[in-house]
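Using the numbering used here, you'd call the opening residue of the sequence shown number 17 and step up by one each time.
Input: a single structure, listed below in structure tokens.
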Amino acid sequence: MAHGRTVLLRPVISEKSYSMMENGTYVFVVDPHASKVEIRQAVEQSFGVRVANINTLNRKGKRKRNRRAATFGKRPDQKRAIVRLAGDDRIELFES
């Protein structure tokens, strides 16, 4: 289980994730080693909602070229969780 680590790192802020929020679906960047069960527990405890479904995906970091040298760097890999809430539950993340 999640011993001494944070499962939910941050929400994903994009046009697509905002459009999904209208349907009760939220996207989070999560710990790369977190399981779906751990993600479900973290969302339910953090926001006081019921989770209906979770899909996860691993995204490879993009390779980016440095300006000065002809070397390449790499953005970090990410694991994302797409969380669909049960019923009319909502997470009031950006309502202020």
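Don't be surprised by glycine CBs; every beta carbon is placed ideally from N, CA and C.
So Ile107 and Thr41 are in contact, right, with Cβ under 8 angstroms, and what is the actual spacing, rounded?
Incorrect: roughly 10 angstroms between the Cβ atoms, too far for contact.
Looking only at its own chain, which residues have a Cβ that is under 8 angstroms from the Cβ of Ser112, when we skip the five neighbours before and after it?
Because Ser112 carries a pLDDT of 44, less than 50, the predicted location of this residue cannot be relied on, and the following value inherits that uncertainty. Nothing listed; no residue qualifies.
Three or more C-beta pairs under 8 angstroms: does that hold for the segment 67 to 83 against the segment 46 to 53?
yes
Considering just the uninterrupted stretch of the alpha helix (DSSP H) at Lys32, what are its terminal residues?
31 to 37
Quick one: is Val43 near chain C, going by C-beta distance under 8 angstroms?
Among the protein chains of the structure shown there is no chain C, as only one such chain exists.
Work out the CA separation of Asp105 and Met93 for me, nearest whole Å.
Residue identity differs from the one stated: residue 93 is Asp in this sequence, not Met. Taking the straight line from one Cα to the other gives about 30 angstroms.
Which residue or residues does DSSP assign as beta-bridge partners of Ile98?
Val43, Asn71
Please state the DSSP three-state secondary structure of Lys52.
helix
What does DSSP give as the partner residue(s) for Leu24 in the beta ladder?
Val46
Through-space distance from Leu25 to Arg66, alpha-carbon basis
19 angstroms
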